[in-house]
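Below: the structure, in C-alpha cells.
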Amino acid sequence: MNVLQQVPRNALVWIIISLFALVAPHVARLPIWVLAVYVIAVIWRLQVHRGRWSFPGRWVKVAMTVSGFVGIYASYGTLVGLEPTVALLLTAFALKFIELSQRKDAYVLLFLGYFICITEFLFSQDLLITLYSVLTVVLVTSALVALHQPGLNRFNRGTARLAGIMLLQAVPLMVVLFFVFPRFGPLWTVPLKNHTAKTGMSDFMKPGDVASLSQSADVAFRVKFEGAIPEKSALYWRGLVFSRLEQNVWSGLGYYDVPLSEQRVDEVVTSGKPLSYSIIMESTQQTWLYGLNYARARSAGVLHSSDYRLMSPAPLETEYMYKVNSWLNAPIEMELSDWRRKTETTLPPQGNDRTRQMALDLRAAAGSDEAYIQAVLNKFNQEDYVYTLRPGKLSGQNTIDKFLFETQRGFCEHYASAFVFMMRAADVPARVVAGYQGGEINPLNKTVIVHQFDAHAWAEVWLENKGWVRVDPTAAVSPLRIEMGLEEAMASEGSFLSAAPLSPLRYRSIPLLNQLRLRYDALTYRWQSWVVGFDSEQQFDLLHSMFGEISTRVFATLLLGSWALVLVPVAISLFFKRATHPVSPLDKYYRIFCDRMAGLGLVRSPGETPGQFAHRAIEALPGFKEELLQITGLYDDLAYAGVKDKAELTQFTRAVNKFRPDRRRGLVEEDITI
Amino acid sequence: MDSNQPSFDMRDHSFLGRMRRRFRGWVNRRIPPAREVTLDQRRIFIFPSRTGLFFGCSLTVMLIAAINFENNLSYALTFLLATLFIVATLHTYANLSGLTLRAVRAQPAFPGQQSEFLVMIERKKRRDHYALYLKWPTSSDALVNLVEDDNIKVQLHMPVDKRGWFRPGRLLLESTYPLGLLRCWTWVDLDLHALVYPRPMSSAELPGLATDTPDGAAAMVDGNDDFYGFRDYRKGDSLRQVHWKGLAKGQEIQTKQYTAYADRSVWLDWELFPGMGVEQRLSHLCYWVLEFDDRREEYGLRLPGVTIEPAVGDKHREQVLKELALFGKGEAQR
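So the sequence lines, in the order shown, correspond to chains L and C. Numbered by the numbering used here, the letters in the first sequence go through residues 6 to 679 in order. Numbered by the numbering used here, the letters in the second sequence go through residues 39 to 372 in order.
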C-alpha cells in the first residue's frame, strides 16, 4: 500500500473515540440494535487490526447494508422522515468503520462524522448539547490530524491540542460569518420529525389532560417583556381555543370547519400603548403559539386565526422565537356572526341532563348573562368544590353531571369545561381556552419562564357590547392558583411535581441550587435569543445598528477585515517561532562561561569537548586552573549523570556567575601582553 | 538536458505539451537548481487537495441542510469548519516553510540497478513537521516526520538505465498535514546526479591482452612471488596479504606487497575490441575492470584521449569506471 494511504494506529484510536462520542447523544432516539452494530463494528475492526479477522468481503458488505435498511424500516415503519434518515446515517457510519483500511476511507468517515454532528442540532439546540458537540468536533478533528501523523504510534495528546488550537483560531471568523451570512428560507421542503413526541398542550382536551401535563417541570417558553412585567394574574397565555364538544372531548375548529366568509377576522380596534414582548418557544412539534389576548404578532411568518390565536405555519421543530404586541383591554369581535353564535353555543344533543336543567334554572333566576356568569362562579366558590391535581377518574357518560354533583373535585379543565357547558346550555356563546397561566420571573434577566405545570384552561364568554370576555372559573375555586401559581395552590396537598422528584424546581427552597438554576436558565435564554433564534430580522437589526446602511461594500469590508483579523495573528503565532531550541539552564550557563572565556581570546572550537577545552584553557591561563576545573567538572557531572537535584545545578550556576576572569586582570597579564 | 530527464518531452507539440514546457521553464526560473534549498513562499505551492475539494462538497451539503432546516447551530458548525479550512492553509504551509533540503550524495550504479539518493531535511526553527512525503518522478517514496531530531536523512531509490550522468529531475516534497484538506508541495532540483556506469558485458577472454610485459600476458596467477615491502592496509585488500605477524605485535594493520603484482599489470585498451560499437566496447571494458578489481590485480585504462596508469583499489576502480561512464558524453559533464 502507498505510504500515504496508511492509517496510523493513533488515528484509529481517535476515530473509535469519536465514533462513540458521535452516537451517544442520539442513543435515546435509536433502536437498540443500532448500538449493537456499533459495538460489533468496533470489535470487528480491532480484530482486523490485530490480524485475527479479515475485512468483510463484498457480499458480506452488501448483506450488512441491506439488513441495515431493512432494520431501519422494521423499526420505524418507514424510511422517510428525519429520524429514520439519521438512524440510517448512523448505521452507515458504523458499517463504514468496519471497512476502514485506507486514509481515503477515513476521510469519508470523518466528514460523515461532522455531518452527524449537524443532525444532532436538528433535534436539539440546547446549550449542553452544543457544548457536547464542540467536544465531538474536537475529537473528529483530532482524528483528522492523527491521520497525518504517521509513525506516532503512542496515543498523543498533542494531536487534540493542535485540533483544539486550530478550531479556536477558526472561531472569530466563524462568528462573523454566522452573523453576516444572509438567512433565507428553505430551498425545498425537508423531512420532518414524525417520530418525536409532541410536547405541551395537545389540540383536544378531555378531563385529566391538563392535570397530567402539570406534572412536568419542563419549560414551555420564555418571555421577555420590553417594559415592566404585568401582574402574574394577568398572564393568561392563550394558545388554543376549543369550540366543539363531542363525547366528553373538547377540540378546536380545523381550518376547513370554518367557512370562507368567517376566515377573515375583523380588525380589532386597539388603543393605547401595546404590551411588547418576545417569546422563545421550546420545540413542541405543534403549530400553535402563545400570546396574551389580544395579541398581534410583530414577526413575519406568524399567522392569525379566526379565533384570535397565533399560529406557526409549520410545526415547531426546534426552538422558535417570535415577537408580539398585546392590548389586554381591546374589545374582541363586537359583532358575532350567526355562524359563530351557532358554533359557540352548540352542545351534544343529549347527556348531562342535570347540568342542563340547573343551567336553565340559574339563567332564569339571574336575569342577565353577566348575573348568570356570576351565579355560576358563586356556586363554584361557595359550594364544596375542591381544586386538586388528583381529581380521580371520571368515566362513562355524563361526566359533567358526575363532576358537578358527585365528586366535586377537579382541576382547571373540569371547571372550564363545566362552566362552558353551563353557558352553552343557557344559550350564552362560550368556549374553552387552553394555554398557560402565570410563570416564574427570573430576577437575573427579567424573563418570565413558563413551565408545563403552568398549563391552564379557562373560558371565554361572548357578551353583548363587550365581545369575548375571559372568565376563569378556577379563580373562583382557588384564587391562590392565579395569584401565586400551582405550587402554592397545591401546598397542602403536596402533589406539586410529585412525579418529578429530581427536578431542580422542587429544590427552590435551597438558595444556592435555586440561584444556579436561574443562572443557567438566564444563560439558556441568552443562548436561545442570540444563537438559536437568530433570524434575518435580528440580523438586519444587528447589522443596521452596527454599520448603518447595509451594502455590498460593508459586507466585503467586514468579511475581509475579519479575515485579516483572524489570519494575521495565526500567521504570527506560526511563523515567529523561536529560532533555536530552548536551552537547558545547564547549557545556558556553560555558554555564558564559554562567552567569558572567548572574551579572553580563548574560543572553544566546535568539536572540542569541555574537558579538552578546559585543558587548553588551563595551559593558557594557569591562574584560573582551580575555577576552570571546578566548572568543567560540575558541568561534566551534570551533563552526563543528569540533573538530579537542584542544589547541584545551583552550585554550578553560582560557580559560573562568580567566574569573572576579566575583572581579575592581574592574574592574566601574560595573556594581555600577547 | 539529455534523455535521462524523465517525463519531459521536447517533441510534444500539443497545447498541453507546450503549456507543460512553459510551466517547467517557469518553475526552473523560480526554483533554480541548487545543492541546498530552504523553502520559503517563493518555493512552496499550496492548493486544496482532492480531499479538500471533497470536504468543500461536504460543507456545501451541510450548508444546504442548515438553510433548509433553518437551523442556526448547523450554520455555526458549517462556518466553523469552513474557517478551519482557511486556518489549515497556514498550518499546512507552515509544515513545509523553513525546511532546508540538502543533497547529500547519489550512489553510482550500473544500468538496471537502483541508485540510492540521499537527501537531508533540516529544520531551523523549533516546530514539529509531520508527514513529509518525498519522491522523485521515478523513485521510491518516503514519508518522514521531523519531530525529535533537527535533521533527517532520507534514502530514495530509483532505477537507472543509460550510461552517463543520471539526472533524477525535480524532487517532490509534499505534505497535507495537519488536516489533509490542502496539499502543500515544492519541486526542488537539488543538482544531485547519479553516475551510471556502462552495462558490464562479459567476453570469454580478453582478446589480445595488452600488458607491459608481452610475454607475461597470460600468466594470471596471484602475484605472491617476490615480497618487496609493506603498505597501509586498504579496504578490499586480500586477507592473505595482511601482515598478521605485525598486527599480532600490536602494529598498525599492513598489507604485504609483491613485485609480481606490479609487473603483471594489465592495460585495458579501447583498441582491444576492434570492430565494435562505442557502447559495446565500453561494456566489455567495464566487465574487465570489475573482473580485475575482483582479482585485486593492477590494471590501467586507455581510451581515446584518456589514460589512467595501472593501479588497484576502490578509488582507482571508481576513477576508471567514471571515465568509462562519461566517455563521449562531453567535457561539460564532468
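Glycine included, every Cβ here is placed at the ideal spot set by N, Cα and C.
When C-alpha distances from Arg334(C) are compared across Thr76(C), Val234(C), Gly351(C), the shortest belongs to Gly351(C). Between the region 232 to 251 of chain L and the region 483 to 494 of chain L there are three or more C-beta pairs closer than 8 Å, enough to call the two in contact.
In the displayed model, Arg140(C) falls within a strand according to three-state DSSP.
Interface residue (Cβ-Cβ distance to chain L less than 7 Å): Thr121(C) is classified as such.
Runs of the beta strand (DSSP E) lying entirely within the region 61 to 148 of chain C, each at least 3 residues long, are 74 to 76, 83 to 86, 138 to 144 in chain order.
By the Cβ test, the region 336 to 349 of chain L is not in contact with the region 550 to 560 of chain L, since fewer than three Cβ pairs between them sit closer than 8 Å.
Beta-bridge analysis with DSSP links Glu465(L) to Arg436(L), Arg475(L). Here Gly499(L) is exposed: its Cβ has fewer than 16 other Cβ atoms, across all protein chains shown, within 10 Å. Proximity of chain L to Asp229(C) at the Cβ level (cut-off 9 Å) is not reached, the minimal Cβ distance being about 26 Å. DSSP places Glu653(L) in the helix class (H, G or I) of the three-state scheme.
According to the DSSP assignment, Ser23(L) belongs to the alpha helix (DSSP H) that extends over 14 to 28. Under the DSSP assignment, Trp344(L) falls in the alpha helix (DSSP H) whose first and last residues are 343 to 348. With contacts defined by Cβ atoms closer than 7 Å, Val42(L) and Thr90(L) do not form a contacting pair.
Below 8 Å, too few C-beta pairs join the region 426 to 441 of chain L and the region 182 to 193 of chain L to call them touching: fewer than three. Residues of the region 146 to 163 of chain L that bring their beta carbon within less than 9 Å of a beta carbon in chain C comprise Thr146, Leu149, Val150, Leu152, His153, Gln154, Pro155, Gly156, Leu157, Gly163, in sequence order. Closest by C-alpha distance to Leu364(C), out of Cys324(C), Glu290(C), Gly338(C), is Cys324(C). Remark: three or more beta-carbon pairs, one from each stretch, lie closer than 8 Å, so the region 187 to 194 of chain C and the region 158 to 174 of chain C are flagged as touching. Residues Ile69, Thr224 of the same chain have their beta carbon placed closer than 6 Å to that of Arg81(C), with the five preceding and five following residues left out of the count.
Note on geometry: alpha-carbon atoms of Tyr260(L) and Leu114(L) lie some 46 Å from one another.
In the three-state reduction of the DSSP assignment, Met171(L) falls in the helix class. Put simply, of Tyr595(L), Val228(L), Phe247(L) the residue whose alpha carbon is nearest the alpha carbon of Ser310(L) is Phe247(L). Looking only at Ala462(L), Ala99(L), Thr529(L), the smallest Cα-Cα distance to Leu449(L) is reached by Thr529(L). Looking at the backbone, the Cα of Trp305(C) and that of Leu320(C) are separated by about 14 Å. Residues of chain C whose Cβ lies closer than 8 Å to the Cβ of Gln130(L) are, in chain order, Asn109, Asn110, Leu111. By the 16-neighbour rule on beta-carbons within 10 angstroms, Met69(L) is buried.
From the listed residues Val8(L), Asn386(L), Leu173(L), the smallest Cα separation to Glu212(C) is found for Val8(L). Chain-order list of chain C residues neighbouring Phe560(L): empty, with the shortest C-beta distance near 15 Å, by a criterion of under 9 Å. Residue pairing of Leu297(L) in beta bridges, as defined by DSSP: Trp242(L). Non-local C-beta neighbours of Lys407(L) in its own chain, meaning closer than 7 Å and more than five positions away in sequence, comprise Leu399, ordered along the chain. Secondary structure note for Tyr645(L): its alpha helix (DSSP H) is the uninterrupted segment 630 to 646.
Between Tyr241(L) and Met286(L), the gap from beta carbon to beta carbon reaches 7 Å or more. Residue pairing by DSSP places Asn189(C) opposite Glu160(C) in a beta bridge. Between Tyr235(C) and Leu362(C) a beta carbon distance of about 6 Å is seen, short of the 8 Å cut, so the two are scored as contacting.
Using a CB distance below 8 Å, the part of the region 80 to 112 of chain C facing chain L consists of Thr89, Phe92, Phe93, Ser96, Val99, Met100, Ile102, Ala103, Ala104, Ile105, Asn106, Phe107, Glu108, Asn109, Asn110, Leu111, Ser112, ordered along the chain. When 9 Å is used as the limit between beta carbons, Asn183(C) is near these residues of chain L: Gln154, Pro155, Gly156, Leu157, in chain order. In the three-state DSSP reduction, Gln379(L) falls in the helix class (H, G or I).
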